[in-house]
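First comes the structure, then the notes that go with it.
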Amino acid sequence: MFKKVIGKTILFAALTLCLTNIANATVPGPYVGGQFGYGNTDYAWQDGWNFNSTSTDSSGPAGRIFGGYQFNRYFTIELGYLQFSAAHVKYYNIFTGQQSYSGSVNENAIDLMAKGILPITDKFNAYAKLGAAYVTAKTTYVPYDSFMIGETYHEVLPAGAIGISYDITPNVPVDLSYMHIQHGGDIDYSAEFFSLGIAYHFNM
Numbered sequence: 010m011f012k013k014v015i016g017k018t019i020l021f022a023a024l025t026l027c028l029t030n031i032a033n034a035t036v037p038g039p040y041v042g043g044q045f046g047y048g049n050t051d052y053a054w055q056d057g058w059n060f061n062s063t064s065t066d067s068s069g070p071a072g073r074i075f076g077g078y079q080f081n082r083y084f085t086i087e088l089g090y091l092q093f094s095a096a097h098v099k100y101y102n103i104f105t106g107q108q109s110y111s112g113s114v115n116e117n118a119i120d121l122m123a124k125g126i127l128p129i130t131d132k133f134n135a136y137a138k139l140g141a142a143y144v145t146a147k148t149t150y151v152p153y154d155s156f157m158i159g160e161t162y163h164e165v166l167p168a169g170a171i172g173i174s175y176d177i178t179p180n181v182p183v184d185l186s187y188m189h190i191q192h193g194g195d196i197d198y199s200a201e202f203f204s205l206g207i208a209y210h211f212n213m
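For what it's worth, the numbering used here labels the leading residue of the sequence shown as 10, then goes sequentially.
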């Protein structure tokens, strides 16, 4: 009799644990969210007039909004918009070393990434993202003759992220993450984004 009671107790505990894991897993379907944190951009560009640029004060608050679709507990597709603080830039002549003009660069990115999720417990997950970012860099600078000049550059660059998340409820996870946009193309550009985020998953 005692053995039967112990057996039923173990079986009940195992079923309860399984149901708890299912209940706490993030629900599949569409989701939206936001991230806020610290961004650092690296901007350098050489033009046809033989100038190059050195970026200064290129770090500051940054934010990202995103939406996506979670197919199952292990895989999602995500689209996001990331805005960085303006970077202050000084341009120098590469031959004379003299400053030619100064200005600022306002940078943002639209990213599309696949996200792979590794469940650690019923509520904790690790994840990695990989995809591309469409980067826009709008420059505004002032030559010594006081005329305002502005140009806009666009590049599609590789992007990725890693992070950990915690499901407060099956619909509301929070996460800590690090995102990197790799330099390349006409703009020698790379960027980092460290953030705390929250999302809401809709029941379908």
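Backbone N, C-alpha and C fix where the C-beta goes; we use that ideal spot for every residue, glycine too.
Spatial distance of residue i from residue j (CA atoms)
i, j, result
"H210", "P37", "8 Å"
"A141", "P179", "28 Å"
"T85", "I173", "15 Å"
"I190", "L88", "15 Å"
"S186", "P70", "15 Å"
"A208", "D176", "10 Å"
"A137", "I171", "4 Å"
"R82", "R73", "23 Å"
"A184", "A135", "Going by the sequence as given, residue 184 is Asp instead of Ala. Each residue's alpha carbon lies about 9 Å from the other."
"I129", "F80", "18 Å"
"Y150", "F133", "46 Å"
"L2", "A118", "Examination of residue 2 is not possible in this model, given that the chain is present from 10 through 213 alone."
"A123", "P182", "18 Å"
"G46", "S68", "11 Å"
"T161", "F93", "15 Å"
Opening and closing residue of the beta strand (DSSP E) in which residue i lies
i, result
"P70", "68 to 81"
"I86", "84 to 92"
Beta-carbon proximity check, residue i vs residue j, cutoff 8 Å
i, j, result
"A96", "S113", "yes"
"L91", "D120", "yes"
"V98", "G76", "no"
"Q44", "L166", "no"
"H163", "T148", "no"
"N49", "A200", "yes"
"Y101", "P39", "no"
Identified DSSP bridge partners for residue i
i, result
"T50", "A200"
"A95", "For A95, which the question treats as bridged, DSSP gives no partner whatsoever."
"Q44", "R73, G206"
### Query
Can you list the beta strand (DSSP E) stretches of 3 or more residues lying completely in the region 131 to 203, in chain order?
Annotation: the region 131 to 203 contains the following complete segments of the beta strand (DSSP E) (minimum length 3 residues), in chain order: 133 to 152, 158 to 178, 181 to 190.
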